[in-house]
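Numbering (my numbering), first residue to last: 53 to 291.
Idealized CB from N, CA, C, for every residue including glycine.
Here the structure is a predicted model, which means the values were calculated and not measured.
Read through the structure below, which is laid out as structure tokens, and then see the notes.
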Amino acid sequence: MTEYPWVSLFSGGKDSSWALYRALEAGHPVERLVTVHPEGDSYMYHTPATHLAGLAAESIGIDLLDVSPGDFAADEAAESGAQGDRELEPLERALESLADEWGGIGGVTAGAVESEYQTSRIEAMCDRLDAELFAPLWQREPRALADAMLDAGFEIRIVQVAAYGLDESWLGRTLDADALADLEALNEEYGVHLLGEGGEFETFVTDGPHMARRIELTYDTVWAGDRGHIEVTDARLAE
Numbered sequence: 053m054t055e056y057p058w059v060s061l062f063s064g065g066k067d068s069s070w071a072l073y074r075a076l077e078a079g080h081p082v083e084r085l086v087t088v089h090p091e092g093d094s095y096m097y098h099t100p101a102t103h104l105a106g107l108a109a110e111s112i113g114i115d116l117l118d119v120s121p122g123d124f125a126a127d128e129a130a131e132s133g134a135q136g137d138r139e140l141e142p143l144e145r146a147l148e149s150l151a152d153e154w155g156g157i158g159g160v161t162a163g164a165v166e167s168e169y170q171t172s173r174i175e176a177m178c179d180r181l182d183a184e185l186f187a188p189l190w191q192r193e194p195r196a197l198a199d200a201m202l203d204a205g206f207e208i209r210i211v212q213v214a215a216y217g218l219d220e221s222w223l224g225r226t227l228d229a230d231a232l233a234d235l236e237a238l239n240e241e242y243g244v245h246l247l248g249e250g251g252e253f254e255t256f257v258t259d260g261p262h263m264a265r266r267i268e269l270t271y272d273t274v275w276a277g278d279r280g281h282i283e284v285t286d287a288r289l290a291e
């Protein structure tokens with residue numbers, strides 16, 4: 053039986069990076085990373101710092117396929133379900149092209165944790181592509197997941213925050229044991245999700261066991277009163 057290549061839905065954030073790492077650890081033949089670059093807010097995709105995905109792919113050693121933000125546009129009048137379906141279309145077209153090139157796609161990795169909205173759409177897409185869905189974070193206990201990432205050697209930086217209790221000091225902070233303890237306190241006080249699953253914060257992985265070279269970032273912080281993000285001024289692979 054032919055084993056077709058796999059693709060990994062990849063933003064450079066902790067969840068998609070963990071799904072990729074676990075797939076590689078399991079021996080799945082991931083031959084392409086696929087990054088969608090949405091313009092503005094998105095129902096389906098991680099949005100901050102996706103322009104750094106190419107650098108991460110270089111460190112990982114797997115080719116990256118960029119899906120252009122011009123392939124779809126947000127429609128503020130659209131119902132959320134319809135908008136999510138529209139956002140999925142350019143990704144599915146890109147995967148169909150890969151399936152044509154390879155003769156088929158064996159599997160797709162996804163970093164979904166709790167979002168039925170995203171997962172149901174990706175699962176339906178995989179069914180249409182006759183590909184396996186590999187979602188190792190799905191419905192896992194958040195603290196256990198966070199601990200597993202840190203134990204594996206992931207270096208995770210917080211690149212965007214948008215939740216009560218998360219101030220400017222969190223921008224650029226490393227998600228380590230101390231940060232997790234602070235997040236647990238914020239979860240009890242304000243309901244902040246330990247993994248930022250509700251969009252409370254977004255991340256970028258700068259190092260891990262699946263990466264040959266660490267990514268070094270230089271950045272400014274941009275704060276807008278109750279939310280903010282880092283503006284990367286330089287990014288490079290460490291020597």
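| field | Residue range of the unbroken alpha helix (DSSP H) whose run includes Gln191 | value | Looking at the DSSP string, Gln191 is not in any alpha helix (DSSP H), and its letter there is neither H nor E.
| said: Please report the straight-line C-alpha distance between Gly157 and Leu72, rounded to a whole angstrom. | reply: Here residue 157 is Ile; the residue named in the question, Gly, does not match the sequence. Approximately 15 Å, taken between the alpha carbons.
| With burial defined as no fewer than 16 other Cβ atoms inside 10 Å of the residue's Cβ, what is the status of Tyr216: buried or exposed? | exposed
| query | Which value, in whole angstroms, describes the spacing of the CA atoms of Pro194 and Pro57? | reply | 30 Å
| said: Between which two residues does the beta strand (DSSP E) holding Thr255 run? | reply: Phe253 to Asp259
| said: Using the three-state DSSP reduction, which class does His80 fall into: helix, strand or coil? | reply: coil
| field | Separation of Leu232 from Asp199, as counted between CA atoms | value | 9 Å
| Assigned secondary structure, Leu197 (DSSP; H/G/I helix, E/B strand, else coil) | Leu197 falls in the helix class under three-state DSSP.
| message | Going by C-alpha to C-alpha distance, which of Ser60, Phe256 and Thr285 sits closest to Met201? | response | Ranking Ser60, Phe256 and Thr285 by Cα distance to Met201 puts Phe256 first.
| request: With distances taken Cα to Cα, identify the nearest neighbour of Phe206 among Trp222, Pro261 and Glu249. | output: Pro261
| message | Checking 8 Å against the spacing of the C-beta atoms, do Leu61 and Thr171 come in under that value? | response | Taking 8 Å as the Cβ cut-off, Leu61 and Thr171 do not qualify as a contacting pair.
| query | Would the beta-carbon of Asp259 fall within 8 Å of that of Thr270? | reply | no
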